[in-house]
Every structure is written in structure tokens, then in C-alpha cells.
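Protein chains in written order, with the numbering used here: chain A, 1 to 264; chain B, 265 to 528. Backbone N, C-alpha and C fix where the C-beta goes; we use that ideal spot for every residue, glycine too. Quick caveat: nothing in here was measured; it's all calculated off a predicted structure. One structure below.
Shown next, in the form of C-alpha cells:
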């Protein structure tokens, strides 16, 4: 018989709620919460720490989602307990506590001609998640994030990554300006997406090692980080639009790099 | 003395709440609600029907936001009334009822080499809004939306457009398949973004009149609409990513068209 939890005030359930809500506890424990059949079944097994399911879900969810969980320990919870533990308004009936993947900056920049993304203080969870998903699809080697960036393991961010959080190497950094100097010495050129750029993003060579810089949603890149980059580049825009959504700007730059690399 | 409303049950306030919540009432009246200093001040004057502000906002908001409203009729409301009328959790203190812009499909396709976007049943408000903002920046001539697409005048969509809703021509259509046939006769080639595409999106010519098709977030394009298009094109992806966010896919295609057109 699997383990069963029927009370919403069970300490393990309360800890899941805290893990969902508190970035500090996530950092301390190295754990975070993932929800839903698709996301949980796409999570590599070695990252899964605890599994919580409703009986309903185990019985009725698609076989491709439940298969990976039948032969490992899981805890059955009532619908009410699942509703308490889950972040989503209509939880699907499965939720896992997962271990955070962890990567090294040094390894990241040793790759051949790496395509890197540098994010300064992004705040919107949907944007950060979408950027991870898009960066993976574009073949990026890694993502550098400033310490003030929204927490990658926030449930909203995790959902928007569509599991790319487990496949896209990333590091959280304290001094991005210093990092750009390290990149320069490693032969990786940095480009700041900026309205003051002279060359358009498709007029610079993105086939060698390069780092694309994207700034905060409201304020763009800081002057300091912009000046620390090797070059400002612009995404030409028409109409009355003054800027692009930050995730969109990142995606357009990343896929231009992917396009150039496919044709190189 | 400007008109003043102090009661949350004032019929005009109740109507604003209904306008926010009900797509049907918006369609019937041709009105919708826009919120916040930036969005309201970016709205072309001819579209503004009613203006509601708090005294606090008129006194303390930046001059560039309040300037356009000082010399036209407005209604002062209390903070409490504003909180009731507004969709956002922390309303800025200004809200307008605006008239919907309206466009003709026939005019749209008469433009020279139009770059069109065709959206089938998109459901996420943030995606639709971001697509409008991005399409304007890419220089698109117009957007066709299926009837089942999320309502463009939903407050969340409007916010995400960053006022592009007033600058980007659009039409809501009942039969996109029939429309593609009309486009074909007008010399406008249609491309369905599809995993089964043979050519990559950057290997097809997008400098002449063309229409880019994007499908629903969960299901992609319907088979029927895919078959009705002139060609399937693929956005090559790496890693474990199976798809891109719908708005991201639209932006990558639109900016590839813009790139080709800049170099043509």
C-alpha cells in the first residue's frame, strides 16, 4: 500500500506549500515543486525527490504520463490535499518535489563557440520561463542571470519553461560586468540589445562564441552593463512600437544566431 | 467642477466592470476598458470615449501622462471606486472606456506586398497581446483571427499589446480556409508554421505578399487550415524542445520576414 496523506495540515503538505511560495526555502533545500502530468513525466528521473498523486490521477491519466511513476515510491493524497499543495487553480492530480540542477560557469564557457544569453534583472515569471524554452530550442549553451532576476524555480517560471529548466544550463551571477570581461578573454563577444545600437542584430556575426544581453522589462539594460558589452546591437522596429517584450527580443536574437549557425 | 462618482454601485461604474468582464457587452457596445497612465495617454484621442481618474492621479502622475486629459471632460472617482472598476490589483488611478478600432479585410489585402499574420484559436491573453505588439514592430500589414480566438479587447490582452491594438490593423474571420483562397487569388502566399514543414522558415521568400499561420497553444494549427495553406514551413529546433510558445513562433517568423524585407 502506498503512503497516504488525507490532512491538509500534514507537515509534508505544509512544506510543499512553503516550497512553492518561498524562494529562500527553495535555495536552502535545493528543492522546488513541479506540477502536472506533462511536466512531471518530462522531468528526468534523477531530479525527482518526492511524488504526490491523487488516486483519480493514477487511475485516469494517460499511460505515457503515469508510466514513470508506477514503479517508484509515491504518496497518495486526497483531492483536497492536492488543491492545497498545488499552485494551479485546477490541479491535475500530480505534483513532485524535484532537485535543482546545477551548472558551472567555467564549464559553460569552455564549450566550442557557445551561444550564451545574459539576463539582467528580468522580473516576469512568464518571460523567464519562455526564454528558457526558447533558448533550448535555439541551441543555446547556457544562460547567465543576475542575482536580482526572478527565481527560476518559482512555479510560474517552471511551468513556462516546459521542462527546459532541466535541460538548459544556467548560472546565477553576482557581477555580470566582471563576467563579460571573463567572456572577452575566452574569445566570446558580448552584444547588448539596445535602442542605441548602430548595427542591426542580423549584421553582426553570431556564429563564433557570443553572448546576447537582455535587460529588465521596464528599464532595459543598465548603463553599466551596456557599457561593459563589446557592442550595442539594435532590433529594427517599425510603427509606434518603442520596444519588444523582453522574452520576444531574446527569442529573435537567439533564433538569428541559430539561423546564422545553420548556414555557416 | 468635474463630474464626480463616490459610490461603487454607481451604474456607470457597474457598466465599466461589466465591460471589463464580458466580451459580449464589448461587442454590442463597441467599447472596451483601458487602464493605466501609459496605456491611456498612448491611446489616440479619437478612440477615447470616457475618462475616469482619481484626484491623486491627476495631481501626482507624470505631466506627459496627464497632459492629454486636462482639457477634455473627465469623471473624478474615489480610490475605492477606482479599485472596483479596475482589473489590476493596484490600479494607477486612470481608466478609460475606449471605442474599438475597426478595419476591412479587403483594404488589408490591397496593400503592396502585405505581411499578414493568421491566428487560429489562440487562447492565451498574454500571447495575443504580445503578438500584436510584435507584429507592429515587424511592420505587419494586418492580423486575421479566427472567431474562436481570445477576445482582443479582454483587459489582459489590451495591456500586453502596449497600445498596438490601436495601430495594428486586424479582422476577426469566420472561415480562415476560405480567406486563404482569397489571399492566393490576390497573389499572397500562405505559410503554415508546422513541425511537418520541409523548408525552414528562412528558406522561403517572405518579401512578396505573404501570410504566416500560427495555431492554438495546445494543439497547433488544425489539419484543415494547414492543408489549405500553400506551404508548411518549419522553425528548426534543438534539444528536447518540442515546440515554441505561440507568440514566440509568430515573432520569429515575423522578424525573419522583416529581415528579408530590409535586405531586399
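Query	Result
Please name the residue in B/499, B/508, B/475 and B/506 whose C-alpha comes closest to that of residue 492 of chain B.	B/475
What are the boundary residues of the alpha helix (DSSP H) that includes residue 97 of chain A?	Residue 97 of chain A -> not in any alpha helix (DSSP H); beta strand (DSSP E) instead, spanning 94–99.
With contact counted as at least three CB pairs below 8 Å, one residue from each stretch, are the stretch 498–505 of chain B and the stretch 154–169 of chain A in contact?	yes
Just list the alpha helix (DSSP H) runs in the stretch 357–417 of chain B, keeping only unbroken ones of 4 residues or longer that don't cross its boundaries, in chain order.	369–374 and 389–402
Return the bridge partner residues of residue 324 of chain B from the DSSP annotation.	Looking at the DSSP assignment, residue 324 of chain B forms no beta bridge with any residue, so it has no partner.
DSSP three-state call for residue 425 of chain B: helix, strand or coil?	helix
Would you be able to state if there are at least three C-beta pairs under 8 Å between the stretch 363–381 of chain B and the stretch 407–419 of chain B?	yes
Could you work out which residues of chain A lie near residue 519 of chain B, taking near to mean beta carbons separated by less than 7 Å?	252
Applying a beta-carbon distance threshold of less than 9 Å, which residues of chain E neighbour residue 238 of chain A?	Within the model displayed, chain E is absent; protein chains A and B are what it includes.
Are the CB atoms of residue 267 of chain B and residue 330 of chain B nearer to each other than 8 Å?	no
Specify the secondary structure class of residue 3 of chain A as computed by DSSP and reduced to three states.	strand
What residues of chain B sit near residue 202 of chain A, judged by a beta carbon separation below 7 Å?	523
Hey, does residue 113 of chain A have any beta-carbon neighbour from chain B nearer than 8 Å?	no
Just the C-alpha distance for residue 525 of chain B and residue 89 of chain A, rounded to the nearest angstrom, thanks.	44 Å
Determine whether the Cβ of residue 38 of chain A lies closer than 8 Å to any Cβ atom of chain B.	no
Whose C-alpha, out of A/127, A/259, A/69 and A/93, is nearest the C-alpha of residue 79 of chain A?	A/93
Pull up the distance between the alpha-carbon of residue 128 of chain A and that of residue 269 of chain B, whole angstroms please.	41 Å
Would you say residue 199 of chain A lies against chain B (beta-carbon separation less than 8 Å)?	no
Would you kindly check if the distance between the Cβ of residue 246 of chain A and the Cβ of residue 217 of chain A is under 8 Å?	yes
Assuming the contact rule is C-beta atoms closer than 8 Å, residue 265 of chain A and residue 515 of chain B should be a hit. Round their C-beta distance to whole Å, please.	This structure cannot speak to residue 265 of chain A, because chain A is shown only from 1 to 264.
Find the nearest neighbour of residue 424 of chain B within the set B/365, B/374, B/452 and B/389, judged by alpha-carbon distance.	B/389
From A/97, A/258, A/34 and A/150, pick the residue whose C-alpha is nearest to that of residue 464 of chain B; which is it?	A/258
Would you tell me roughly how many angstroms separate the C-alpha atoms of residue 324 of chain B and residue 359 of chain B, rounded to the nearest one?	15 Å
Using CA atoms only, rank isn't needed, just tell me which of B/490, B/333, B/272 and B/365 is closest to residue 444 of chain B.	B/490
Here's the rule: buried if 16 or more other CB atoms are within 10 angstroms of the residue's CB, otherwise exposed. What is residue 293 of chain A?	The structure shown does not extend to residue 293 of chain A, since chain A is modelled only from 1 to 264, so the question has no answer here.
Since residue 295 of chain B is in the beta strand (DSSP E), which residue starts that stretch and which ends it?	295–299
Does the beta-carbon distance from residue 457 of chain B to residue 497 of chain B come in below 8 Å?	yes
I need the straight-line Cα distance from residue 442 of chain B to residue 105 of chain A, nearest angstrom please.	53 Å
On the three-state DSSP scale, how would you describe residue 495 of chain B?	strand
Output the boundary residues of the alpha helix (DSSP H) element that contains residue 182 of chain A.	176–185
With a threshold of 16 other CB atoms inside 10 Å of the CB of residue 427 of chain B, please say whether the residue is buried or exposed.	buried
Per DSSP, which residues does residue 170 of chain A bridge with? Please list them.	A/143
Tell whether a beta-carbon distance below 8 Å holds between residue 155 of chain A and residue 87 of chain A.	yes
Tell me the DSSP secondary structure of residue 485 of chain B in three-state form.	coil
Closer than 9 Å between beta carbons: that is the criterion. Which residues of the stretch 156–182 of chain A meet it against chain B?	160, 162, 163, 164, 166, 167 and 168
Could you work out which residue in B/470, B/275 and B/405 is closest to residue 367 of chain B when comparing CA atoms only?	B/405
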